[in-house]
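Colleague: One structure coming up, written as structure tokens, with questions to follow.
2 protein chains.
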Amino acid sequence: MPDRDSHETALRLIETLRQLPRYPKVITPQELRDRLAAHGFKVDIRTIQRNLNDLSRYYPLCNDEKKPQGWCWMPNADITDLPSMDPATALAFRLARLHLAPLLPATLLARFDPYLKAADRALGDSDLTYRWADKVRMVPNGLALRPPTDNAEIIATVGEALLRECCFTARYRNRDDAERAFQRVHPLALVLRGPALYLLATLDDFEDVRQLRVHRFLSADLQPEQPRRLPENFDLDAYIRKGGFEYPEGEPIQLVALFQRGAARHLDETPLSDDQRIVDEDDGRVRLTATVNDTALLRWWLLGFGAGVEVREPAALRAEMAETARRMVWRYRPA
Amino acid sequence: MPDRDSHETALRLIETLRQLPRYPKVITPQELRDRLAAHGFKVDIRTIQRNLNDLSRYYPLCNDEKKPQGWCWMPNADITDLPSMDPATALAFRLARLHLAPLLPATLLARFDPYLKAADRALGDSDLTYRWADKVRMVPNGLALRPPTDNAEIIATVGEALLRECCFTARYRNRDDAERAFQRVHPLALVLRGPALYLLATLDDFEDVRQLRVHRFLSADLQPEQPRRLPENFDLDAYIRKGGFEYPEGEPIQLVALFQRGAARHLDETPLSDDQRIVDEDDGRVRLTATVNDTALLRWWLLGFGAGVEVREPAALRAEMAETARRMVWRYRPA
DNA sequence: GCGGTAAACGACACTCATTGTCGCATGGAT
DNA sequence: ATCCATGCGACAATGAGTGTCGTTTACCGC
Chain E
1 MPDRDSHETA LRLIETLRQL PRYPKVITPQ ELRDRLAAHG FKVDIRTIQR NLNDLSRYYP
61 LCNDEKKPQG WCWMPNADIT DLPSMDPATA LAFRLARLHL APLLPATLLA RFDPYLKAAD
121 RALGDSDLTY RWADKVRMVP NGLALRPPTD NAEIIATVGE ALLRECCFTA RYRNRDDAER
181 AFQRVHPLAL VLRGPALYLL ATLDDFEDVR QLRVHRFLSA DLQPEQPRRL PENFDLDAYI
241 RKGGFEYPEG EPIQLVALFQ RGAARHLDET PLSDDQRIVD EDDGRVRLTA TVNDTALLRW
301 WLLGFGAGVE VREPAALRAE MAETARRMVW RYRPA
Chain P
1001 MPDRDSHETA LRLIETLRQL PRYPKVITPQ ELRDRLAAHG FKVDIRTIQR NLNDLSRYYP
1061 LCNDEKKPQG WCWMPNADIT DLPSMDPATA LAFRLARLHL APLLPATLLA RFDPYLKAAD
1121 RALGDSDLTY RWADKVRMVP NGLALRPPTD NAEIIATVGE ALLRECCFTA RYRNRDDAER
1181 AFQRVHPLAL VLRGPALYLL ATLDDFEDVR QLRVHRFLSA DLQPEQPRRL PENFDLDAYI
1241 RKGGFEYPEG EPIQLVALFQ RGAARHLDET PLSDDQRIVD EDDGRVRLTA TVNDTALLRW
1301 WLLGFGAGVE VREPAALRAE MAETARRMVW RYRPA
């Protein structure tokens, strides 16, 4: 792309900044030369050395003082977005952060911090001294469970192995605290259930698909040379649908239930299904009709209303609720 | 910052790209000159005009053909991160997206798309043809309610008014479908409850704080000149704590409950509280002890287990659960 | 329709930032 | 100790980027 007014230098410098990895990883000027050449920038190594030194005066770059220099962004370098973040996106990040705080492992959540900082900066730039902190909140509508503590490196390794479709070696702590070591973990998929992160994988030479809690790994080391083995006919969606994670997908049913008016209020605004209908009853309750899947979660959700709901149809579900209620009473029978 | 080897041009071009807003907004070369000058780059307007034309050959920029040209990034322009996204962050975005899909209004969720694209690109760059799509899933651990449909412009306007602490005019549809018009909405805070987004605001000349469902706004127009009025002694946290959103914060209690073993399994890994303890009982159940807040959500969560849980302490809560169970049975009494 | 104003743009010459080359210093490996 | 690769200072060449100026274009008020 050599032309008059091409700003080739500027474009190359931007590409240089893009190619630089963040701290733990580094890149040598030689490698950088190849990468840039692949993007159409053919320059001398000397120029790249100079550029890196120059750029490091304006951006938080650093290099290990090794012989083939390894350059990288400093670990806490701010993120610069092109185009930079607009207020609406900044708001989305703020709100997302509120939602995610109890849902994502802490180390993954921390990955968003530079973006949140970018959001604040994007706002601060335009003479708005204001901060979101005083202006957005979340009111939990579920019980806040503590997300498991985790290890940043291990999650990163597992994610990278999954991505690169290679194995990793690992030590793992069982539910009963027994420690096991695996020579080859063949990662198949990551599954989130609430805040819990599961890895589906086959182990060593075995064929069966196992669920491993990511936060139970004690160590994980990438084996880039060891390609992952994929079991024949593995179908992630089918695995989940069939109940691999305790929540098998149920059949669609036509739910009819009577709610106390207050209890069902927010159903108006966040409906259960697209075809949901709510009509007033004579006794002050409301009748909800909706097509939903017949799952354990549905029961759990209905039970949460306590005596605030009465299932009318289907009859089987009504019977089940009634039976559950009787067993609850029995639980609390006087001794 | 004029110096030998300063790469002043390149730095200025990067800053130019940063200052360019995304599509609906535009910036004129004149304004750009002032902005750049504020960052220490003093150049002729002619140069900026040239730069913009040059840059638009390499980046998706466009200008309305108005007389003072308005330049901007094209609406679907990809995001370039400096430093670019690493695989672990890309993974975090993927997982976050899974969590957020049912929680954020669609138009806010869409704000993340460029970042997800950047994530894919970051991976694709390093010869990994691989896509996350087949490898990450979420298993919902709550009933999936439909997030309300919303309007991108209205959310953006509300967010911006909140941020800039100015009013906006609006038309609003009440719960009972009556339409109201407000000359001045004074935005105080945004509150998320599940997927529902509420604006706390005072209206026109009134002093009382109202809750407005953002997705019920029919229109919203920013009034940048009209500064927001803040009621005296408004305390967002206090407002929520006192039950402004139906979930008043309860007193800490010492919960003791017996769970069926299977039901409590995941409590091991995502505890209720930091001091939670779980011990086996003789009858095959487990005894959970934890300090939690005595809230409606707690009841709702406990009820969800149906007969799978028995609250032992505190006595008041036990009595309440027992009473609820009796009323449930009564609900389902044979006609 | 018409003149006035402001912005955009083409042309051009100047200059200095950027680059490749070369030579020397440094440091690790054989 | 020697060799090789790398980093870096110096320097000269050149051409990219800049300000200036003059012309063209579009818009606005009268």
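Protein chains in written order, with my numbering: chain E, 1 to 335; chain P, 1001 to 1335.
Glycine included, C-beta positions come from ideal geometry on N, C-alpha and C.
Buried or exposed for E:ASP113, going by 16 or more other Cβ atoms inside 10 Å?
Modeller: Start at 1 with the first residue of the first sequence, and residue 113 of chain E comes out as number 113. Exposed, since its Cβ has fewer than 16 Cβ neighbours within 10 Å.
Colleague: Within 10 angstroms of the Cβ of E:VAL279, are there 16 or more other Cβ atoms? Answer buried if so, exposed if not.
Modeller: In the first sequence, counting from the first residue as 1, residue 279 of chain E sits at position 279. Exposed, because fewer than 16 other Cβ atoms sit within 10 Å of the Cβ of E:VAL279.
Colleague: In terms of residue numbering, what span does the beta strand (DSSP E) encompassing E:ASN63 cover?
Modeller: As a first step, residue 63 of chain E must be located in the first sequence, where it is residue number 63. Note, E:ASN63: beta strand (DSSP E), 61-64.
Colleague: On a Cα-Cα basis, can you pick out the residue from P:ASN1141, P:ARG1146, P:TRP1330 that is closest to E:ALA144?
Modeller: As a working note, residue 144 of chain E is residue 144 in the first sequence. Among P:ASN1141, P:ARG1146, P:TRP1330, the Cα nearest to that of E:ALA144 is on P:ASN1141.
Colleague: Can you tell me whether DSSP reads P:GLU1310 as helix, strand or coil?
Modeller: Counting from 1 along the second sequence, the entry for residue 1310 of chain P is found at position 310. DSSP places P:GLU1310 in strand when its eight states are reduced to three.
Colleague: Does E:ASP221 come out as helix, strand or coil in the three-state DSSP assignment?
Modeller: On the first sequence, position 221 is the one that residue 221 of chain E refers to. It is a strand residue.
Colleague: CB-CB under 6 Å to E:ALA122, same chain, minus the five flanking residues each way: which ones, in chain order?
Modeller: To locate residue 122 of chain E, count along the first sequence from 1; it is residue 122. Cβ neighbours of E:ALA122 beyond the five flanking positions: SER84, MET85, ALA90.
Colleague: Look at the alpha carbon of E:ARG184 and the alpha carbon of E:PHE206, and state the distance between them as a whole number of angstroms.
Modeller: Along the first sequence, one-based indexing puts residue 184 of chain E at 184. Along the first sequence, one-based indexing puts residue 206 of chain E at 206. Roughly 10 Å separates the two Cα atoms.
Colleague: Determine the DSSP secondary structure at P:ARG1173, reduced to helix, strand or coil.
Modeller: Numbered from 1 along the second sequence, position 173 holds the residue referred to as residue 1173 of chain P. The answer is strand: DSSP assigns P:ARG1173 an E or B state.
Colleague: Just tell me which of P:ARG1299, P:LEU1197, P:GLU1323, P:ALA1189 has its CA closest to the CA of P:VAL1209.
Modeller: Indexing the second sequence from 1 puts residue 1209 of chain P at position 209. Cα-wise, what sits closest to P:VAL1209 is P:ALA1189.
Colleague: Taking any Cβ of chain E, which residues in the segment 1075-1096 of chain P have a Cβ under 7 Å from it, in chain order?
Modeller: ALA1077, ILE1079, THR1080, ASP1081, LEU1082, PRO1083, SER1084, ASP1086, PRO1087, ALA1088, THR1089, LEU1091, ALA1092, LEU1095, ALA1096
Colleague: Confirm, please, whether the CB-CB distance from E:LEU100 to P:HIS1186 is below 8 Å.
Modeller: Residue numbering aside, residue 1186 of chain P sits at position 186 when the second sequence is read from its first letter. Residue numbering aside, residue 100 of chain E sits at position 100 when the first sequence is read from its first letter. Not a contact, by the Cβ cut-off of 8 Å.
Colleague: Along the chain, where does the alpha helix (DSSP H) containing E:ASP81 start, and where does it finish?
Modeller: Taking the first residue of the first sequence as 1, we reach residue 81 of chain E at position 81. Run containing E:ASP81: none in the alpha helix (DSSP H); it sits in the beta strand (DSSP E), 80-82.
Colleague: Assess contact between the segment 1282-1293 of chain P and the segment 1227-1246 of chain P, defined as three or more Cβ pairs (one per stretch) separated by less than 8 Å. Is contact present?
Modeller: no
Colleague: Mind listing the chain P neighbours of E:VAL191? Cutoff is C-beta to C-beta under 8 Å, in chain order.
Modeller: On the first sequence, residue 191 of chain E is found 191 positions in, with the first residue counted as 1. Near E:VAL191 (Cβ distances below 8 Å), the residues of chain P are VAL1136, ARG1137, MET1138, VAL1139.
Colleague: With a threshold of 8 Å between beta carbons, is E:PRO2 in contact with chain P?
Modeller: Translated into the one-based positions of the first sequence, residue 2 of chain E becomes position 2. Because E:PRO2 sits at a pLDDT of 34, beneath the cut-off of 50, its placement in the model cannot be relied upon, and the following sentence gives the value as read from the coordinates. Chain P contact via Cβ: absent.
Colleague: Report back the beta-carbon spacing between E:ASP81 and P:ILE1079 to the nearest angstrom; my notes put them in contact at under 8 Å.
Modeller: Numbered from 1 along the first sequence, position 81 holds the residue referred to as residue 81 of chain E. Numbered from 1 along the second sequence, position 79 holds the residue referred to as residue 1079 of chain P. Contact flag correct, Cβ pair sits at about 6 Å.
Colleague: Under 6 Å Cβ to Cβ from E:ARG318, same chain only, skipping five residues before and after it: list those, please.
Modeller: Along the first sequence, one-based indexing puts residue 318 of chain E at 318. Result list for E:ARG318: VAL311, in chain order.
Colleague: How big is the Cα-Cα spacing for E:PHE217 and E:GLN30?
Modeller: For the purposes of this step, residue 217 of chain E is taken as the residue at position 217 of the first sequence. For the purposes of this step, residue 30 of chain E is taken as the residue at position 30 of the first sequence. In a straight line, the C-alpha of E:PHE217 is about 36 Å away from that of E:GLN30.
Colleague: Can you name, in chain order, every residue of its own chain whose Cβ lies under 8 Å from the Cβ of E:MET1, other than the five neighbours on each side?
Modeller: In the first sequence, residue 1 of chain E corresponds to position 1, counting from 1. Reliability fails at E:MET1, whose pLDDT of 33 lies under 50, so the model's placement of it is uncertain and the value that follows must be treated cautiously. Taken in chain order, the residues that qualify are GLU8, LEU11, GLY40.
Colleague: With a cut-off of 8 Å on the beta carbons, I'd call P:ASP1176 and E:ARG146 a contact; round off their distance for me.
Modeller: The residue you call residue 1176 of chain P lines up with position 176 of the second sequence. The residue you call residue 146 of chain E lines up with position 146 of the first sequence. No, P:ASP1176 and E:ARG146 are not in contact; Cβ-Cβ is about 41 Å, not under 8 Å.
Colleague: Under 9 Å Cβ-Cβ, which residues of chain E neighbour P:GLY1284?
Modeller: The residue labelled residue 1284 of chain P in the question sits at position 284 within the second sequence. Residues of chain E passing the Cβ test: none, with the nearest at roughly 14 Å.
Colleague: Less than 8 Å between the CB atoms is what I'm expecting for P:GLY1308 and P:GLN1260, so what's the real figure, rounded?
Modeller: Locating residue 1308 of chain P in the second sequence gives position 308, counting from the first residue. Locating residue 1260 of chain P in the second sequence gives position 260, counting from the first residue. P:GLY1308 to P:GLN1260, Cβ: 5 Å. Contact.
Colleague: For E:PRO334 versus E:ILE253, is the C-beta distance shorter than 8 Å?
Modeller: The residue labelled residue 334 of chain E in the question sits at position 334 within the first sequence. The residue labelled residue 253 of chain E in the question sits at position 253 within the first sequence. For the 8 Å CB-CB criterion, E:PRO334 and E:ILE253 do not form a contact.
Colleague: Of all Cβ atoms in chain E, is any one closer than 8 Å to the Cβ of P:ALA1181?
Modeller: Along the second sequence, one-based indexing puts residue 1181 of chain P at 181. Closer than 8 Å: no.
Colleague: Using 8 Å as the limit for Cβ to Cβ distance, is P:ASP1274 near chain E?
Modeller: Position 274 of the second sequence, counted from the first residue, corresponds to residue 1274 of chain P. Yes - at least one Cβ of chain E is within 8 Å of the one on P:ASP1274.
Colleague: Distance, Cα to Cα, E:ARG362 vs E:ASP34?
Modeller: Outside the displayed span of chain E (1 to 335) sits residue 362 of chain E, for which this structure offers no information.
Colleague: DSSP three-state label for E:ASP280, please.
Modeller: Translated into the one-based positions of the first sequence, residue 280 of chain E becomes position 280. Three-state DSSP puts E:ASP280 in a strand.
Colleague: Which of the three DSSP states is assigned to E:GLN211 in this structure?
Modeller: Counting from 1 along the first sequence, the entry for residue 211 of chain E is found at position 211. Three-state result, E:GLN211: strand.
Colleague: Looking at chain P, is there any beta carbon in it that lies within less than 8 Å of the beta carbon of E:LEU103?
Modeller: Within the first sequence, numbered from 1, the residue matching residue 103 of chain E stands at position 103. Taking Cβ atoms only, chain P reaches closer than 8 Å to E:LEU103, which makes this a yes.
Colleague: Mapping DSSP to helix, strand and coil, what is E:LEU192?
Modeller: Residue 192 of chain E sits at position 192 when you count from the first residue of the first sequence. Looking at E:LEU192 - three-state DSSP - the assignment turns out to be strand.
Colleague: If P:ARG1213 sits next to P:ALA1196, beta carbons under 8 Å apart, how far is it from one beta carbon to the other, in whole angstroms?
Modeller: Mapped onto the second sequence, residue 1213 of chain P falls at position 213. Mapped onto the second sequence, residue 1196 of chain P falls at position 196. About 7 Å separates the beta carbons of P:ARG1213 and P:ALA1196, which is inside the 8 Å limit, making them a contact pair.
Colleague: Check for me: the beta strand (DSSP E) holding P:MET1328 runs from which residue to which?
Modeller: What you label residue 1328 of chain P is simply residue 328 of the second sequence in a count that begins at 1. Per DSSP, P:MET1328 belongs to no beta strand (DSSP E); it is in the alpha helix (DSSP H), 1315-1331.
Colleague: If we define contact as Cβ-Cβ less than 8 Å, is E:PHE245 a contact residue for chain P?
Modeller: The sequence position of residue 245 of chain E within the first sequence is 245, counting from 1. Yes - at least one Cβ of chain P is within 8 Å of the one on E:PHE245.
Colleague: Return helix, strand or coil for E:GLN30, following the three-state DSSP convention.
Modeller: As a working mapping, residue 30 of chain E is identified with position 30 in the first sequence. The answer is helix: DSSP assigns E:GLN30 an H, G or I state.
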